[in-house]
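K.L.:
Chains A and B, in that order, are what the protein sequence lines are.
Sequential numbering from -15 applies to the first sequence in this note's numbering.
Sequential numbering from -15 applies to the second sequence in this note's numbering.
What follows is a structure written as structure tokens; I'll ask about it next.
There are 2 protein chains.
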Amino acid sequence: MSFYSQVKRFLVGRPIATKHAHHERLPKRTALPIFASDALSSTAYATEEIMRVFMVASLAYLHFTFEVALVISGLIFLVAFSYYQTIHAYPQGGGSYIVSRDNLGVRYGQLAGAALMTDYILTVSVSISAGVLAIVSLVPSLSSYIVPMGVAAIGLLTIANLRGAKESGVVFAIPTYSFVVLMLGMIGWGLTLPAPPVPQSIAHAEHQLVDQFWMTAAFLTIAFKAFSSGCAALTGIEAISDGAGAFKEPTARNASATLLIMATLLAAMFVGASFIGNKFHIIPMELHQAGYKTVLAQVCQQVFPVTTAFGTFYFNALQVATTLILILAANTAYADFPRLCSFIARDGFLPRQLASLGDRLVFQNGILFLSLSAMALLVKFGGDTHLLIPLYSVGVFVSFTLSQAGMFARARKLKLGGWKPWVSFFGAIITAILAIVLLVSKWKEGAWLVPIALSILLGVFIGIRRHYDYLARELEVEPTDTVPKVRMTVILLVPRLHKGILQAIAYAESLSEDVRAIHVTLDAKSVAKIKEDWVRFGEEIPLVILESPFRSLVDPVTAYIDQTIAETPDQFITVIVPEAVPKRWYHRFLHNNVAIALKLALGTRKNVVITNVRYFLK
Amino acid sequence: MSFYSQVKRFLVGRPIATKHAHHERLPKRTALPIFASDALSSTAYATEEIMRVFMVASLAYLHFTFEVALVISGLIFLVAFSYYQTIHAYPQGGGSYIVSRDNLGVRYGQLAGAALMTDYILTVSVSISAGVLAIVSLVPSLSSYIVPMGVAAIGLLTIANLRGAKESGVVFAIPTYSFVVLMLGMIGWGLTLPAPPVPQSIAHAEHQLVDQFWMTAAFLTIAFKAFSSGCAALTGIEAISDGAGAFKEPTARNASATLLIMATLLAAMFVGASFIGNKFHIIPMELHQAGYKTVLAQVCQQVFPVTTAFGTFYFNALQVATTLILILAANTAYADFPRLCSFIARDGFLPRQLASLGDRLVFQNGILFLSLSAMALLVKFGGDTHLLIPLYSVGVFVSFTLSQAGMFARARKLKLGGWKPWVSFFGAIITAILAIVLLVSKWKEGAWLVPIALSILLGVFIGIRRHYDYLARELEVEPTDTVPKVRMTVILLVPRLHKGILQAIAYAESLSEDVRAIHVTLDAKSVAKIKEDWVRFGEEIPLVILESPFRSLVDPVTAYIDQTIAETPDQFITVIVPEAVPKRWYHRFLHNNVAIALKLALGTRKNVVITNVRYFLK
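Structure, rendered in structure tokens:
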């Protein structure tokens, strides 16, 4: 086993065939947790996002959280319906990138691709930071370790994905269904309880506001901001249409039914949690407040007081399930990001080698890029979900807009009538407005990063494509081009004569009639020996002895090759470097691979090919 | 220019041909500063080392420093005389490694090699830390930055040596001769001055001691310890005999004359500085004492009070010259360490590739290893010369002992009569005793590192040699061995048909009759195109289309090769991967070099050779 393999195996474990996993067709009950974990997990933070906007203006506004959530749930169904159409139009999977590229044109496709790339990075940052906050709500003493815990969690996800952990349905099913059941159970039980009295602080805030305050322009602005923040609930909703191809036949019907189930669960959990949150007068806490708890954790403690054993159990179970579903949500980005890159690379906007997604090296580079970017964001924003979400939402809404606009454009092109395309149109308008509102209102808090990241990515896409286009023109074969006939000179490096060299001699002789053996004398003693040995095995091959006054191996060989090129400039020169392959990787340091140094030294010589012929040591 | 070259040029600058510099024959006046900087610079700390030992016992002992220095100067001439003989026996240069190996046997040679390797590392640590202390004596406010300054200085030396700074004689001559002139001037002027009265502290200490105190065993022990510490003055004395080959003809005469001059200067400066130090009742300061000054700096301030402009000038000049000669001393290790490694590698005790010293990659690895080890020691011992010197001296005395014992053994073997060999014998006994005394008395302060380092190095030497011996036996050609006749199959990877491929086709056809072109379909669209194109250029070569359901390039090719091996196990398979060589290095990321991934994947298949045929992009 090679050194590289050993190191890799040590770091990322024995390779497991993952790539086949995705090609099993999934039934709805298995597909739902796999594709819905991202969307459903956003209920862990969406309610809190609305409340935080209201809270800044006045605690009196908090009780509008439910109404805002209700309106957002309308938007959930609107967007879901647009993706419902996408599933039927692209039953093999139509992500925002493909839909925009095919229907709006290359430039919009590139924008969607860039937006999606940033989305996947932020999915990891946001989900992991929210997952860490769920744990901190459970164990307040961990609150000093939010960033290290987040970085460690991303590190574990990275290793798991580099190993190629097999994504079994069960791994997704248990946390996802647990989360759904615990959320709905909490909401259901909460509905039966009597509302507590309004706390002093809220009552006081309400008292300060004049009558009819909610009709003022100021309130409407705040409510709209709260609405746009709460739209974080929509993130992940596109997953089913992206991966529709993975569903059992009839694909489109199964996928769209699952989408409907997901949207319903999402809306129910989001609106329900917001309602119960209002009912129990939950006030969000600041991240660095002592004993920080997420809104969801506070709701749970109100519904099931931890003074009872059952309440403690429920609270623990919900926090753990929340963390797990958020980790799963982050994990979906690890499967989707390299796949998205391969789509983009196929169109020539990213390095072409990324298209061969099945090659582990390519896949692993994608994973590392994703992890490092997500870690950087997590560290920069101190693991505060609330600060990361605006960035996330802007990107998500850009891709929603492009996807829905693409579906509308498609309907126009295909002259599809009826009201359905107008749902996409309407959805596109709303998500575009939301993207702009978020971008402007959260500009200073970090949203400026989004247009910069998108511009850089677009620049990279365009630059790469331009390079490839240029090459295609340059390298295009012309009618006058023919395959040249070449003469070949083979140069065989012979450090000593041993068994390993015999095979290299055989190889050299099979390549050409014109073979020359080269021995560089680092040690005067060796010359007589090699001349004597050579007579026996290499009689047909002339042996050239090169002096090396300065004890360099590379310089004399380079000089000899340059001389050969000068004598016969048109021929190919193949330099054969016998290479020992030791049994143990660390023995490699005891064997010189001159080929590497020669490749560096001869980098600019055309028509020179440097080849290792290996011999295996026992 | 390749990516690698660009990065290297950025880091270490444009390559300069250094290797020729060493091959100019030097006159004495140029050779003296080059080879003597190491030895002469040890006067910067040797007096202080004696004083520190005495001081721990009683300030009253301090005035014996001169006597001890006088005895050590006798040892200087003794050892110098032994090396004088070495120069005549090995006029082309005989370091401790070669002398011991040739005359005492391989095991002693290995021990000398290991001792010398540690010596060179410690030459860097000790000289740089002493140089930093000279600067700190000049600018006391820098005393908090001793370690960072030392690390930075080693970093600068590393870069200078990686660049291959040309060692011009002037660079060595100016600081070395300045240091000698300033030292001798200070000593000479100091002799003319009247002695100041004995300070209270010393007088008090003398008062406490009973009469005849210096006859006691306790005093003798301390005096012997002081003697062994002061022997730090001997470090570097072997340099001329190591590098005798660099002297002008008549080599031996010039080299030995230079050795005599060096020994005289060294003894004069060392004994003189110790005498003046005693005369002015200098007491060494602790490193972390406020306003720390080296003993030499204190002496200078006594002889030339800084209240005068001349005194200030002299003080500044001496401190700067001291720092510079110490940096030069460190720099000599950078030339000698890789050369020593190449001697050892030629005997098979270090990786064989280190023998080709003329190859920059090899030379640079040696430099980096030296720098990192020296930095580690400097940091570990906080840049305190006094703590580093015992380690240094132990190694130096081990190699002195082996070298002198080797010269004695040589004289016995060659049956040389007379008294001269007995000088070496006597010198070997003394230096052996000194090595043991230092090792035992400084064991806890860090001397234990020396035997551990030596044992590890010896283990490495023996292990490496054993591996090479084993290989030599395994790979030895036997009478029945012949060069096999092999059949060759060539597999040419064709991603698209373009101009670059034409050359690869020509190359493939020149290798063998049995050429197959392989196209892996990552994109169904491309198949028709390539089939059409292929008819024109590759008609004689069968085109094999490989499906890749999981979008991998490597897997289908590997599978095809395995199948070909299974069909015809005896033949060689050459896989040709056309490789784009872009004009700008960063364009490299846009081009897939499948050869690397294929080499990893096919690492264990014998008889498979993977070759890049490059095409150059404009």
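Ideal placement from N, C-alpha and C gives every residue a C-beta, glycine not left out.
Can you check whether the C-beta of residue 547(A) is within less than 8 Å of a C-beta belonging to chain B?
P.N.:
Taking the first sequence and counting its residues from 1, the one referred to as residue 547(A) is at position 563. It does not; no Cβ of chain B falls within 8 Å.
K.L.:
Please work out which residues of its chain come closer than 8 Å, Cβ to Cβ, to residue 483(A), disregarding the five sequence neighbours upstream and downstream, and give them in chain order.
P.N.:
Position 499 of the first sequence, counted from the start, is the residue given in the question as residue 483(A). Here the set comprises 599.
K.L.:
Using a Cβ-Cβ distance under 8 Å, would residue 483(B) count as near chain A?
P.N.:
Counting from 1 along the second sequence, the entry for residue 483(B) is found at position 499. Yes, its Cβ sits closer than 8 Å to a Cβ of chain A.
K.L.:
Enumerated in chain order, which unbroken segments of the beta strand (DSSP E) with a length of 3 residues or greater are wholly contained in the segment 400 to 486 of chain A?
P.N.:
472 to 477
K.L.:
Please confirm whether residue 335(A) has its beta-carbon closer than 8 Å to some beta-carbon of chain B.
P.N.:
Stepping through the first sequence from its first residue, residue 335(A) is reached at position 351. Yes - at least one Cβ of chain B is within 8 Å of the one on residue 335(A).
K.L.:
Taking the alpha helix (DSSP H) that residue 358(A) belongs to, which residues open and close that run?
P.N.:
One-based indexing of the first sequence puts residue 358(A) at position 374. Judged by DSSP secondary structure, residue 358(A) falls within the alpha helix (DSSP H) whose first and last residues are 344 to 364.
K.L.:
Does DSSP classify residue 179(A) as helix, strand or coil?
P.N.:
Here residue 179(A) refers to the residue found at position 195 when the first sequence is read from its first residue. Residue 179(A): coil per DSSP, three-state reduction.
K.L.:
The segment 527 to 561 of chain B: which residues have C-beta closer than 7 Å to a C-beta of chain A, in chain order?
P.N.:
532, 534, 535, 536, 537, 538, 539, 556
K.L.:
Here's the rule I'm using: 16 or more other beta-carbon atoms within 10 Å means buried, otherwise exposed. How should residue 520(B) be labelled?
P.N.:
Sequence index remark: in the second sequence, residue 520(B) carries index 536 (1-based). It counts as exposed.
K.L.:
Please return the same chain residues whose Cβ sits closer than 6 Å to the Cβ of residue 137(A), not counting the five positions on each side in sequence.
P.N.:
Stepping through the first sequence from its first residue, residue 137(A) is reached at position 153. Answer for residue 137(A): 112, listed in chain order.
K.L.:
What residues in the segment 589 to 602 of chain A have a beta carbon less than 9 Å from any beta carbon of chain B?
P.N.:
590, 591, 592, 593, 594, 595, 596, 597, 598, 599, 600, 601, 602
K.L.:
Taking a cut of 9 Å between CB atoms, which residues from the segment 477 to 508 of chain B lie near chain A?
P.N.:
The residues in question are 479, 480, 481, 482, 483, 484, 485, 486, 487, 489, 490, 491, 493, 494, 495, 496, 504, 506, 507.
K.L.:
What residues of chain B sit near residue 458(A), judged by a beta carbon separation below 9 Å?
P.N.:
Locating residue 458(A) in the first sequence gives position 474, counting from the first residue. Around residue 458(A), the beta-carbon contacts reaching into chain B at under 9 Å are 482, 483, 601, 602.
K.L.:
Cβ of residue 9(A) less than 8 Å from any chain B Cβ?
P.N.:
Here residue 9(A) corresponds to residue number 25 of the first sequence, with the count starting at 1. By this cut-off, residue 9(A) is not an interface position.
K.L.:
Would you say residue 367(B) reaches chain A, if we count a Cβ-Cβ gap shorter than 8 Å as a contact?
P.N.:
Numbered from its first residue, the second sequence carries residue 367(B) at position 383. Residue-level contact check: residue 367(B) does not touch chain A, since none of the beta carbons of chain A fall below 8 Å from its beta carbon.
K.L.:
Where does residue 507(A) sit, in a helix, a strand or coil, going by DSSP?
P.N.:
Mapped onto the first sequence, residue 507(A) falls at position 523. Here residue 507(A) sits in coil by DSSP.
K.L.:
With 9 Å as the limit, tell me which residues of the segment 400 to 422 of chain A have their beta carbon closer than that to any beta carbon of chain B; keep them in chain order.
P.N.:
none
K.L.:
Hey, is residue 343(B)'s beta-carbon within less than 8 Å of any beta-carbon in chain A?
P.N.:
Position 359 of the second sequence, counting from 1, holds the residue named residue 343(B). Chain A, which has a Cβ nearer than 8 Å to the Cβ of residue 343(B), makes this yes.
K.L.:
What residue range is occupied by the uninterrupted alpha helix (DSSP H) comprising residue 309(A)?
P.N.:
Here the question's residue 309(A) lines up with position 325 in the first sequence. Residues 293 to 330.
K.L.:
Under 7 Å Cβ-Cβ, which residues of chain A neighbour residue 472(B)?
P.N.:
Position 488 of the second sequence, counted from the first residue, corresponds to residue 472(B). Per Cβ cutoff of 7 Å: 494.
K.L.:
Whose CA, out of 417(B), 254(B), 306(B), lies closest to the CA of residue 381(B)?
P.N.:
Along the second sequence, one-based indexing puts residue 381(B) at 397. Minimum Cα distance to residue 381(B) is reached at 417(B).
K.L.:
Name the residue from 338(A), 371(A), 61(A), 503(A) whose alpha carbon lies nearest to the alpha carbon of residue 271(A).
P.N.:
Taking the first residue of the first sequence as position 1, residue 271(A) is located at position 287. The residue with the shortest Cα to Cα distance from residue 271(A) is 371(A).
K.L.:
How is the beta strand (DSSP E) around residue 527(B) delimited, first residue to last?
P.N.:
Against the second sequence, residue 527(B) aligns to sequence position 543. Under the DSSP assignment, residue 527(B) falls in the beta strand (DSSP E) whose first and last residues are 527 to 531.
K.L.:
Return the residue from the list 368(A), 446(A), 537(A), 472(A) that minimises the CA-CA distance to residue 555(A).
P.N.:
The count along the first sequence starts at 1 and reaches residue 555(A) at position 571. Measuring from the Cα of residue 555(A), the nearest candidate turns out to be 472(A).
K.L.:
Within 8 Å of any Cβ in chain A, is that where the Cβ of residue 510(B) sits?
P.N.:
Walking along the second sequence from the start, residue 510(B) turns up at place 526. Answer no: the Cβ-Cβ gap between residue 510(B) and chain A never drops below 8 Å.
K.L.:
Do the CB positions of residue 19(B) and residue 174(B) come within less than 8 Å of each other?
P.N.:
The residue labelled residue 19(B) in the question sits at position 35 within the second sequence. The residue labelled residue 174(B) in the question sits at position 190 within the second sequence. Taking 8 Å as the Cβ cut-off, residue 19(B) and residue 174(B) do not qualify as a contacting pair.
K.L.:
In this structure, does DSSP put residue 276(A) in helix, strand or coil?
P.N.:
Start at 1 with the first residue of the first sequence, and residue 276(A) comes out as number 292. In this structure, residue 276(A) counts as coil in the three-state DSSP scheme.
K.L.:
Taking only beta-carbon atoms, is residue 576(A) less than 8 Å away from chain B?
P.N.:
As a position in the first sequence, residue 576(A) is number 592, starting the count at 1. Cβ-Cβ to chain B under 8 Å: yes for residue 576(A).
K.L.:
Can you pull the DSSP bridge partners for residue 520(A)?
P.N.:
The residue labelled residue 520(A) in the question sits at position 536 within the first sequence. None, per the DSSP bridge assignment.
K.L.:
Out of 44(A), 528(A), 469(A), which one is the CA nearest neighbour of residue 591(A)?
P.N.:
Locating residue 591(A) in the first sequence gives position 607, where the first residue counts as 1. Of the listed residues, the one whose Cα sits closest to residue 591(A) is 469(A).
K.L.:
Let me check one thing: in DSSP terms, what residues is residue 564(A) bridge-paired to?
P.N.:
Numbered from its first residue, the first sequence carries residue 564(A) at position 580. Answer is 599(A), bridged to residue 564(A).
K.L.:
Check whether the Cβ of residue 444(B) lies closer than 8 Å to any Cβ atom in chain A.
P.N.:
Sequence index remark: in the second sequence, residue 444(B) carries index 460 (1-based). Closer than 8 Å: no.
K.L.:
Could you list which residues in chain D have their beta carbon closer than 7 Å to that of residue 326(A), in chain order?
P.N.:
This model lacks chain D altogether; the protein chains it does include are A and B.
K.L.:
Residue 330(A) touches chain B at which residues, Cβ-Cβ below 7 Å?
P.N.:
Stepping through the first sequence from its first residue, residue 330(A) is reached at position 346. In chain order: 507.
K.L.:
Would you mind reading off the limits of the alpha helix (DSSP H) that contains residue 220(B)?
P.N.:
In the second sequence, the residue the question calls residue 220(B) occupies position 236. DSSP places residue 220(B) in no alpha helix (DSSP H); its state is neither H nor E.
K.L.:
Return the chain-ordered list of same chain residues with a C-beta closer than 7 Å to the C-beta of residue 318(A), the five sequence neighbours on each side being excluded.
P.N.:
Counted from its first residue, the first sequence places residue 318(A) at position 334. Around residue 318(A): 141, 145, 351, 354.
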